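Taking it in order: structure first as structure tokens, then the write-up.
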Amino acid sequence: MKDKKIEKLIKLEEKRQKEGLELIPSENYASSEVRKVLSSYFVNKYSEGYPGRRYYGGNEWVDEVERLCQERAKKLFGVLFVNVQPYSGSPANLAVYLAVCQPGDVVMGQALTAGGHLTHGHKVSATGIYYKTVQYGLKIQDSKFKSQNDLFDYDEIRRLAKEHKPKLIWVGATAYPLKFNYKKFAEIADEVGAYLAADISHVAGLIAGGVHPSPVPYVHIVTTTTHKTLRGPRGAMIMVTEKGLKKDPELSDKINKAVFPGLQGGPHDNQTAAIAVALYEASQSSFKKYAFQIVKNSQVLAKVLIEGGLDLVGGGSENHLILADLTNYFGPGCGVFAQKALDLAGITLNKNTVPGEQASPFYPSGIRLGTPALTTRGMKEKEMKFVGKKILEVLAIIKKYFEKQGKDFRFWDLEKEKRGEFIKKFEVEMKKNKDLTRIKLEIKKVAKKFIIP
Ligand code: DSN
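If you want my numbering, it's the position in the sequence shown, counting the first as 1, plus 5.
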């Protein structure tokens, strides 16, 4: 490459990905074919509009690509309509609002602090600024770490829906470790006449692989990103179900108009082509095995963490994701320490709020981790046990560091201004920690045995 600066940064990122373990549950490794198609000649094209109805010439092959992508998505998810043009998940969700709501309409969604997404109506998102949003949470009770199969309080969600009469209800999350009962959400939405949209971004690959229930029979609209468990390029899709078209025969047209010209300009045709490849891959029997192994790996990892003394929200994992609440382990607000120390050891995950959060979204008390990326590398139960053990070792190092600060030390009790300073000092100490260096080497050794596509 002539641009040496970017070339160097690409090499460094490649090294980071190869030598570390990726546990952010919304990340994955796209296949080499998906990456190749992303840099194909389709990157050069403009094609505002839809197949057969474009505002630019020269779209005969783009039309075929987009139609193929649509057919594959419809078949894989069992829907009647799909728009494959959204640039990513947030614009896809915003397009749904644009399609079925007027500014100021009431919309309901799962709160961000309870595992929902910004675009499900959080006050800082355009969705919370232009629409009146009502947020529902999760059941918070002593049993939140016991194994159970549902954390939603349907009576409360029904009460909120009846009181506020939303035009649109979202079901779906970014940090929820259990399966969704879409039927129960549908009963509530139908009772108040709301559109029900499922955001399946996190679990799309599990649904496609047949290991997670599909919302399609129950909801009107489905949105998904294409780069998480579905393992495609970054991108998104909006689907309309048979139930959706029964409720509103114009729903597909409304979605199309909302995406273009409502919200976006020209679609990223290289992305559409790469999504088509990912959908082809997801329809193969090997993908079913992959989806099954994601869940198996998540459950093995969850077991190791529970046995090591961690509290897992929902008592474990039924999907690709684990939400560990570290409040009882470190005190409130300490997810950041786990994220930083694990990063130094070569394990990437993210700090996350937990149900009943006692600290703040900037200093949340939990960590979120998952198995889609490691499973793509071919890791199985044996490696999950190793990863779980290493996570526990790193957490024990942090605990020791806290103990050294004094018997009654609690990070969250520090004055606000002192928190940043404390974290910086912690990082300096961790960089010098010999046990952490040893763990990093052990991780690198295992990681390098498992190639990334
Ligand atoms: N950033 C995504 C996630 O990590 O879940 C949600 O947009």
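All C-beta atoms, glycine included, are put in the ideal place defined by N, C-alpha and C.
All figures in this text were calculated on a predicted structure; none of them were measured in a lab.
(1) Does the distance between the C-beta of H225 and the nearest non-hydrogen atom of ligand 3 fall short of 7 Å?
(2) Take L347 and list the residues in its own chain whose beta-carbon comes closer than 7 Å to its own, dropping the five residues that flank it on each side.
(3) Do you know whose CA, among S130, R239, V208, G214, lies nearest R40's CA?
(4) Could you have a look at K137 and say whether DSSP puts it in helix, strand or coil?
(5) Identify every residue that forms a DSSP beta bridge with R77.
(6) Among the residues of its own chain, which have a CB less than 7 Å from the CB of F391, if the five just before and after it don't count?
(7) Provide the residue(s) that pair with V111 in DSSP beta bridges, ordered along the chain.
(8) With a threshold of 8 Å, are at least 3 pairs of Cβ atoms found where one atom belongs to the stretch 120-133 and the other to the stretch 174-189?
(9) How far does the alpha helix (DSSP H) with I212 in it reach, from first residue to last?
(10) Please go through the stretch 159-236 and give each complete beta strand (DSSP E) segment of 3 or more residues, from N-terminal end onward.
(11) Since P2 and H225 should fall inside the 8 Å C-beta cutoff, what is the C-beta to C-beta distance between them, to a whole number of angstroms?
(12) Apart from the five residues just before and just after A401, which ones in its own chain have a Cβ nearer than 7 Å to its Cβ?
(13) Using the Cβ count rule (16 or more neighbours within 10 Å means buried), how would you classify Y61?
(14) So the beta strand (DSSP E) N88 belongs to, where does it begin and stop?
(15) What does the Cβ neighbour count give for T231, buried or exposed, with the cut at 16 atoms within 10 Å?
(16) Extract the residue ranges of the alpha helix (DSSP H) inside the stretch 333-417, only unbroken runs of 4 or more that lie entirely within it.
(17) Buried or exposed, going by whether 16 or more other CB atoms sit within 10 Å of the CB of W175?
(18) If you reduce the DSSP assignment to three classes, tell me which class L123 lands in.
(19) If L235 and A283 are in contact, beta carbons under 8 Å, what's the gap, nearest whole angstrom?
(20) Should Y223 and K188 be called a contact, given that it needs their Cβ atoms to be closer than 8 Å?
(21) Whose CB is closer than 5 Å to a heavy atom of ligand 1? List the residues in chain order.
(22) Between the Cα of G371 and the Cα atoms of G361, T380, L379, P377, which residue gives the shortest distance?
(23) Out of curiosity, what's the CA-to-CA distance linking V275 and V111?
(24) Could you tell me which of A202, N88, V216 sits nearest to V208, measuring between CA atoms?
(25) Between F416 and C339, is the Cβ-Cβ spacing less than 8 Å?
(26) Quick check: G214 and F157, are their CB atoms within less than 8 Å of each other?
(27) Where C460 and V87 are concerned, what is the direct C-alpha to C-alpha distance, given to the nearest angstrom?
(28) In terms of residue numbering, what span does the beta strand (DSSP E) encompassing V129 cover?
(29) Cα-Cα, which of A202, L310, V341, K172 is closest to I327?
(30) My assumption, with CB atoms under 8 Å, is that A194 sits in contact with P220. Please give the rounded CB distance.
(31) Does the stretch 251-271 come close enough to the stretch 296-308 that 3 or more CB-CB pairs lie under 8 Å?
(32) Can you name the start and end residues of the alpha helix (DSSP H) that A241 belongs to?
(33) If you reduce the DSSP assignment to three classes, tell me which class I327 lands in.
(34) Can you tell me the Cα-Cα spacing of V433 and E388, whole angstroms?
(35) CA-CA distance, G237 and S36?
(36) Within the 8 Å Cβ cut-off, does G214 reach chain B?
Walking through what the data contain:
(1) As presented, the structure is devoid of ligand 3, carrying ligand 1 as its sole ligands.
(2) In the sequence shown, residue 347 corresponds to position 342, counting from 1. In chain order, L354, I396, V399 place their CB closer than 7 Å to the CB of L347, counting only its own chain and leaving out the 5 sequence neighbours on each side.
(3) For the purposes of this step, residue 40 is taken as the residue at position 35 of the sequence shown. Of the listed residues, the one whose Cα sits closest to R40 is R239.
(4) Here residue 137 is taken as the residue at index 132 of the sequence shown, counted from 1. Of the three classes helix, strand and coil, the one that applies to K137 here is strand, per DSSP.
(5) Position 72 of the sequence shown, counted from the start, is the residue given in the question as residue 77. Looking at the DSSP output, R77 shares a beta bridge with no other residue.
(6) Here residue 391 refers to the residue found at position 386 of the sequence shown. Closer than 7 Å at Cβ, skipping near neighbours: V451.
(7) The residue labelled residue 111 in the question sits at position 106 within the sequence shown. K137.
(8) Short answer: they touch.
(9) Numbered from 1 along the sequence shown, position 207 holds the residue referred to as residue 212. Taken as a continuous stretch (DSSP letters only), the alpha helix (DSSP H) holding I212 covers 209-213.
(10) Entirely contained in the stretch 159-236, the beta strand (DSSP E) runs reaching 3 residues are, in chain order, 173-176, 200-204, 226-230.
(11) The chain is shown only over 6 to 458; residue 2 falls outside these bounds and no answer can be derived.
(12) Working through the sequence shown from its first residue, we reach residue 401 at position 396. Within its own chain, no residue has a Cβ closer than 7 Å to the Cβ of A401 once the five positions on either side in sequence are excluded.
(13) Along the sequence shown, one-based indexing puts residue 61 at 56. Y61 comes out exposed.
(14) One-based indexing of the sequence shown puts residue 88 at position 83. Residues 86-88.
(15) Position 226 of the sequence shown, counted from the start, is the residue given in the question as residue 231. Around the beta carbon of T231, 16 or more other beta carbons sit within 10 angstroms, so the residue counts as buried.
(16) Qualifying alpha helix (DSSP H) stretches, in chain order: 340-350, 377-381, 386-409.
(17) Working through the sequence shown from its first residue, we reach residue 175 at position 170. W175 sits buried, since 16 or more C-beta atoms from the chains shown fall within 10 Å of its C-beta.
(18) Residue 123 sits at position 118 when you count from the first residue of the sequence shown. Helix.
(19) The residue you call residue 235 lines up with position 230 of the sequence shown. The residue you call residue 283 lines up with position 278 of the sequence shown. Rounded, the Cβ-Cβ distance is 6 Å, consistent with contact.
(20) Numbered from its first residue, the sequence shown carries residue 223 at position 218. Numbered from its first residue, the sequence shown carries residue 188 at position 183. In this structure, the beta-carbon distance from Y223 to K188 falls below 8 Å.
(21) With the cut-off at 5 Å, the residues found are S31, T179.
(22) Looking up residue 371 in the sequence shown gives position 366. The shortest Cα separation from G371 among G361, T380, L379, P377 belongs to G361.
(23) Translated into positions along the sequence shown, residue 275 becomes position 270. Translated into positions along the sequence shown, residue 111 becomes position 106. The displayed chain sequence assigns Asn, not Val, to residue 275. Whole-angstrom Cα-Cα distance: 36 Å.
(24) Taking the sequence shown and counting its residues from 1, one reaches residue 208 at position 203. Measuring from the Cα of V208, the nearest candidate turns out to be V216.
(25) Locating residue 416 in the sequence shown gives position 411, counting from the first residue. Locating residue 339 in the sequence shown gives position 334, counting from the first residue. For the 8 Å CB-CB criterion, F416 and C339 form a contact.
(26) Residue numbering aside, residue 214 sits at position 209 when the sequence shown is read from its first letter. Residue numbering aside, residue 157 sits at position 152 when the sequence shown is read from its first letter. Contact flag unset, no.
(27) In the structure as shown, the chain starts at 6 and stops at 458, and residue 460 therefore has no counterpart that could be examined.
(28) Residue mapping note: residue 129 aligns to position 124 of the sequence shown, counting from 1. Membership of V129 in any beta strand (DSSP E) is not indicated, and neither H nor E is assigned to it by DSSP.
(29) Your numbering for residue 327 matches position 322 in the sequence shown. Nearest option by C-alpha distance: L310.
(30) Residue mapping note: residue 194 aligns to position 189 of the sequence shown, counting from 1. Residue mapping note: residue 220 aligns to position 215 of the sequence shown, counting from 1. Not a contact, Cβ separation roughly 11 Å.
(31) Inter-segment contact for the stretch 296-308 and the stretch 251-271 is absent: fewer than three beta-carbon pairs are separated by less than 8 Å.
(32) Residue numbering aside, residue 241 sits at position 236 when the sequence shown is read from its first letter. Not the alpha helix (DSSP H): A241 falls in the beta strand (DSSP E), residues 241-245.
(33) Counting from one through the sequence shown, the residue named residue 327 turns up at place 322. Residue state, collapsed to three classes: strand.
(34) For this step, residue 433 is matched to residue 428 along the sequence shown. For this step, residue 388 is matched to residue 383 along the sequence shown. V433 and E388 have their C-alpha atoms some 29 Å from each other.
(35) Here residue 237 corresponds to residue number 232 of the sequence shown, with the count starting at 1. Here residue 36 corresponds to residue number 31 of the sequence shown, with the count starting at 1. Here the alpha carbons of S36 and G237 stand approximately 8 Å from one another.
(36) Absent from the structure is chain B; it holds one protein chain and no more.
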